[in-house]
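A.B. asks: Would you mind keeping the following structure in view while I ask a few things?
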Amino acid sequence: MPIPVEADYLIVGGGAMAFAFADTIISETDASIAVVDRHHQPGGHWNLAYPFVRLHQPSSGYGVESRALGDDTIDAHGWNEGLLELASTGEILSYYDRLLNQQLIPTKRFSYFPMAEYEGDGKFVSIVSGREFQAVVKRKTVDATYQNVTVPAMRRPPFPTHEAITCVSPDKLVRMRAGYRNYTVIGAGKTAIDACLWLMGHGVNADGIRWIMPRDSWLVNRAYSQPGAQFADVATAYMTAQFTAINEASSAPELFDGLERHGNLLRIDKTVTPTMYRCATVSEKELTALRSIASIIRMGRVNEIREDEIILEDGAIPTSADELHIDCTADGLEKRPSKPVFDGDTLTLQSVRPCQQVFSAAFIGHVEHAYDRDEKKNEICAPVPHPDTDMDWLRVTKDFCRSERLWGADQRLRDWLVRSRLNWVWRLGPSLPEGESALKAFFDSRDQVLALMEGKLDQLLAEASG
Ligand SMILES: Cc1cc2nc3c(=O)[nH]c(=O)nc-3n(C[C@H](O)[C@H](O)[C@H](O)COP(=O)(O)OP(=O)(O)OC[C@H]3O[C@@H](n4cnc5c(N)ncnc54)[C@H](O)[C@@H]3O)c2cc1C
C-alpha cells in the first residue's frame, strides 16, 4: 500500500527551478509543497557538475528570492578579476542545503523526498528502499524537469571511442594523476570553454590544446551584465549601444557587426562568422586566453574516435593514446518546444526571460498565486525557449522586449519585480527612481525604447526568413 503524501503542490524535480518556485510559494502564500527528486540533496544538475564549474553570471542573481547567494564581492584575481563573484558548485550546493534545512523544512509546510523516482500520476518510489508513495495533490503538480538539463557526467560520449583512447567527461579532469602530452577538447559551448581555461590555468600551453569546435558562438561580454551602482555607467553604455545597434541595422549581419563593434557580443575568431548563440558569458581575460588556442578544428561534430584518428562530419584528424580527449558535448541548455506554463492542474516550469531560469521559476511562483485565470497567467508567462543559433539572439531579445513591456505596464507585477532579488536585469544601469509617478515616467520612456527594438527585431527576423 503506497504511503500517502498530502500537499497543495507536488513538485517533480529538485533543481534550482523547483526551489526558486517553491521558495516564492512558501514565502508568499500558506500553501504546502512536496518535492520529489532523484538526487540525495537539492540542486539538481549541480550535483553532477564538474568540480571547477562556476556560475557564469554573478552569484547575486542566482538561487531563490528569499536568500542571498554570495556577498557581492568583486573578484580580486583569476579569470573573472574585477567582476562580481561567481559561485562555485560547492557553494551552490551548500546554499540549497541550508535553504532546505534552515528555512523550508522548518516552515512545516515543505516536505522533501530525495532519492526518489517519480513515475507519474502522483506516484513515486524511493530508489533506496523501494517504498512507494502516492501524492494527494490539492492544487497542482509542477513539472520542474521539463528543461531537461544534461551535463557530461550524466552520460557516455555520444560517439564510439576505441578502447586504446582515453575520452573523459570534464569532471574526471580533477582526478588526473599524470598529465598528457596533448589535450583535445570536444564541444563548442560553455563547458568546453571551462575545460580549456582549466587546462591553461594549470599551466598547459595553448599549443598543447586542440579544440574541436563544430560551430563558432557569439558570446556575451560578462563585464556588461554586472548589476549594482559601481557598474551603472558600463551597463548604461551597454544598453544604449545595444539599442543603437538594433536601431541602425538594416539586416541581421549588420546587427551582429554593430553588437560586436560596441562590445556587446564577442567571438573567439574574428575571421569566422558565428552560427551559434547560447547565452555563454566570458570576461575579456578569458577571451584573450581562449584566443591563444591556435588549433581549432572546424570540421563538424565528432562521429567516432578510432585508435589513430578522429572521424568528424567533414573529414578526419590524427590522434593517439597519448592524447586526452575531453567530451564537453552535453546539452545543458536544450532548445525545447514551449508548452503553456499553466494548464489546469499542471504547471510546467520554463524560462520566461531568456536564459534566466531561476528568476523565471520564482516569477512563475508569484504569478501562480497572484492571478486567477490560466489565460491571463499564460499571457504574462510566455515561455522563451533557450537560444541555439545566432538568429535566436534576435528571437529571444524580441521576446524579452515584449514581456518587459507587458510586465512594466502592470503595476502589481512591477511592484513585485522592483523588489525581486533575482530580477537583477532591473538593477543594471542607473537606479530605479523613487515614488510611483517617477517610476511610471521611467517605465513609459523605457516602454517606447522596448517597442522600437521589438518592432525592428521583428522586421529583421522576417527579412532573414525571406
Ligand atoms: C554548466 C552550467 C552552468 C550554468 N550557469 C548558470 C548561471 O551562471 N546562471 C544561470 O542563471 N543559469 C546557469 N545555468 C543554467 C542552469 O541549468 C539553471 O540555472 C538551473 O540550474 C536549471 O535547473 P532546473 O531545476 O531546471 O534543472 P535540473 O537541475 O536538471 O533539475 C531537475 C531535477 O529533476 C530531477 N528529475 C528528473 N526526472 C525525474 C524523475 N522522474 N523523478 C525524480 N526526479 C527527476 C533531476 O534528477 C534533477 O535533479 C547553468 C547550467 C549549466 C549546465
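Once you know that position 254 of the sequence shown is 249 in the numbering used here, the rest is easy, because the numbers rise by one and skip nothing.
Yeah, the Cβ is synthetic: ideal placement off N, Cα and C, and Gly gets one too.
Model, not experiment: these values are computed from the prediction.
Do you know whose CA, among 281, 286, 219, 204, lies nearest residue 257's CA?
C.D. replies: The shortest Cα separation from residue 257 among 281, 286, 219, 204 belongs to 219.
A.B. asks: As an exercise, report each continuous beta strand (DSSP E) stretch of at least 3 residues that is fully enclosed by the stretch 264 to 352, in chain order.
C.D. replies: List check, beta strand (DSSP E) in window: 271 to 277, 290 to 292, 297 to 300, 304 to 307, 310 to 313, 318 to 322, 341 to 343.
A.B. asks: Which residues in the same chain have their Cβ closer than 7 angstroms to the Cβ of residue 278, if we skip the five residues on either side of it in sequence?
C.D. replies: Closer than 7 angstroms at Cβ, skipping near neighbours: 74, 75, 78, 217, 218.
A.B. asks: Find the nearest neighbour of residue 304 within the set 72, 157, 437, judged by alpha-carbon distance.
C.D. replies: Nearest C-alpha to residue 304: 157.
A.B. asks: Decide if residue 6 is buried, meaning its Cβ has at least 16 other Cβ atoms within 10 Å, or exposed.
C.D. replies: Its Cβ being crowded by 16 or more others within 10 Å, residue 6 is buried.
A.B. asks: In the DSSP assignment, find the alpha helix (DSSP H) that holds residue 242 and state where it starts and stops.
C.D. replies: Segment 227 to 243, the alpha helix (DSSP H) holding residue 242.
A.B. asks: Are there three or more Cβ pairs, one per stretch, closer than 8 angstroms when the stretch 279 to 291 is compared with the stretch 262 to 271?
C.D. replies: In short, these stretches touch, since the Cβ pair count reaches three.
A.B. asks: For residue 122, which three-state DSSP category applies?
C.D. replies: Coil, per DSSP.
A.B. asks: Between the stretch 139 to 155 and the stretch 293 to 308, can you find at least three pairs of beta-carbon atoms closer than 8 angstroms?
C.D. replies: Yes: at least three Cβ pairs fall under 8 angstroms.
A.B. asks: Please report the distance separating the alpha-carbon of residue 4 from that of residue 347.
C.D. replies: Their backbone Cα atoms lie some 21 angstroms apart in a straight line.
A.B. asks: Which residues share a DSSP beta bridge with residue 129?
C.D. replies: DSSP, once it has assigned bridges, lists -1, 118 as partnering residue 129.
A.B. asks: Can you tell me which of the three DSSP states residue 246 falls into?
C.D. replies: It is coil, neither helix nor strand.
A.B. asks: Would you kindly report the start and end of the unbroken alpha helix (DSSP H) that includes residue 388?
C.D. replies: That run of the alpha helix (DSSP H) goes 386 to 404.
A.B. asks: Let me confirm a value: residue 381 is counted as buried when at least 16 other C-beta atoms fall within 10 Å, else exposed. Which label applies?
C.D. replies: Classification for residue 381: buried.
A.B. asks: So, using beta-carbon positions, are residue 182 and residue 273 closer together than 8 angstroms?
C.D. replies: Contact: no.
A.B. asks: Can you say whether residue 315 is buried or exposed, counting buried as having 16 or more other CB atoms within 10 angstroms of its CB?
C.D. replies: Looking at its Cβ environment, which holds fewer than 16 other Cβ atoms inside 10 Å, residue 315 is exposed.
A.B. asks: What does the alpha-carbon distance come out to for the pair residue 29 and residue 116?
C.D. replies: So the two alpha carbons sit approximately 14 angstroms from each other.
A.B. asks: For a test of your reading of the model: does the CB of residue 102 fall under 7 angstroms from any non-hydrogen atom of ligand 1? Yes or no.
C.D. replies: Residue 102 Cβ: outside cutoff for every heavy atom of ligand 1.
A.B. asks: Residue 423: which of 448, 235, 459 sits nearest, CA to CA?
C.D. replies: Residue 423 has its Cα closest to that of 235, out of 448, 235, 459.
A.B. asks: Is any heavy atom of ligand 1 found at a distance shorter than 7 angstroms from the C-beta of residue 113?
C.D. replies: Yes, the beta carbon of residue 113 sits closer than 7 angstroms to at least one heavy atom of ligand 1.
A.B. asks: What did DSSP end up calling residue 367 once you bin it into helix, strand or coil?
C.D. replies: In this structure, residue 367 counts as coil in the three-state DSSP scheme.
A.B. asks: What does residue 135 pair with, by DSSP beta-bridge criteria?
C.D. replies: Partner(s): 4.
A.B. asks: Compute every distance between the C-beta of residue 129 and the non-hydrogen atoms of ligand 1, then say whether any falls below 7 angstroms.
C.D. replies: No, ligand 1 has no heavy atom inside 7 angstroms of this Cβ.
A.B. asks: Near residue 405, which residues of its chain fall below 8 angstroms by C-beta distance, leaving aside the five closest residues on each side in sequence?
C.D. replies: Once the five neighbours on either side are set aside, the close Cβ partners of residue 405 are 375.
A.B. asks: In terms of residues, what are the limits of the alpha helix (DSSP H) holding residue 90?
C.D. replies: Its alpha helix (DSSP H) spans residues 84 to 93.
A.B. asks: May I ask whether a heavy atom of ligand 1 can be found less than 7 angstroms away from the beta carbon of residue 132?
C.D. replies: Outside the cutoff, so no.
A.B. asks: Who pairs with residue 216 in a beta bridge, going by DSSP?
C.D. replies: Per DSSP, 277.
A.B. asks: For a test of the three-state rule: what should DSSP assign to residue 80, helix, strand or coil?
C.D. replies: Here residue 80 sits in coil by DSSP.
A.B. asks: Could you tell me if the beta carbon of residue 12 falls within a distance shorter than 7 angstroms of some heavy atom in ligand 1?
C.D. replies: Yes, the Cβ of residue 12 comes within 7 angstroms of a heavy atom of ligand 1.
A.B. asks: Do you know how far the Cα of residue 271 is from the Cα of residue 178?
C.D. replies: Their backbone Cα atoms lie some 24 angstroms apart in a straight line.
A.B. asks: Would you please verify whether the beta carbon of residue 269 is less than 8 angstroms from any beta carbon of chain C?
C.D. replies: No chain C appears in this structure, which consists of one protein chain only.
A.B. asks: So residue 10 and residue 87 are in contact, right, with Cβ under 8 angstroms, and what is the actual spacing, rounded?
C.D. replies: Not quite, the Cβ-Cβ distance comes to about 11 angstroms (not below 8 angstroms), so this is no contact.
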